[in-house]
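Following: one structure in structure tokens, then a few remarks.
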Amino acid sequence: MSNGITDMVGFGRPFIANPDLPNRQKHGYPLAERNPNTLFGGNEVGLLDYPEYHAQSFSVVLKPKALISALRFLLL
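As numbered in my numbering, residues 25 to 100 make up the sequence shown, in order.
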């Protein structure tokens with residue numbers, strides 16, 4: 025928008041299944057698929073139950089020397 029090419033950008037459909045769309049785009053997270061059977065009518069199913077994306081957590085295994093170095097760094 026700052027370069028004058030456009031005045032507005034809309035993201036209607038992606039927001040339906042991705043309530044956290046700006047965060048997903050910022051971090052490169054995958055988009056959730058929307059369920060076309062729940063787009064219109066009825067109740068809150070499909071409207072309020074799409075979860076935010078949570079990156080997979082990971083663990084690091086440190087060898088004893090590396091663990092001691094890491095602890096020294098944290099304690100100093």
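All residues carry an ideal CB built from backbone N, CA and C; glycine is no exception.
Bear in mind the structure is a predicted one, so any value in this text is a computation, not a measurement.
How long is the line joining the alpha carbons of residue i and residue j, rounded to whole angstroms?
i     : j     : result
Ser81 : Pro54 : Confidence at Ser81 is low in this model, with a pLDDT of 48, below 50, so the placement of that residue should be treated as unreliable; the coordinate-derived value is given next. If you take the alpha carbons of Ser81 and Pro54, they lie about 16 Å apart.
Ala79 : Gly34 : 26 Å
Asn61 : Arg37 : 14 Å
Met32 : Asn67 : 31 Å
Thr30 : Phe39 : 20 Å
Gly52 : Arg58 : 18 Å
Gln49 : Asn27 : 20 Å
What residue does the alpha helix (DSSP H) around residue i start on, and which one ends it?
i     : result
His78 : Neither: His78 is in no alpha helix (DSSP H) and is coded neither H nor E.
Using a Cβ-Cβ cut-off of 7 Å (strictly less than) and excluding sequence neighbours within five positions of residue i, which residues of its own chain qualify?
i     : result
Pro43 : Tyr74, Glu76
Ala56 : Ala41, Asn42, Tyr74
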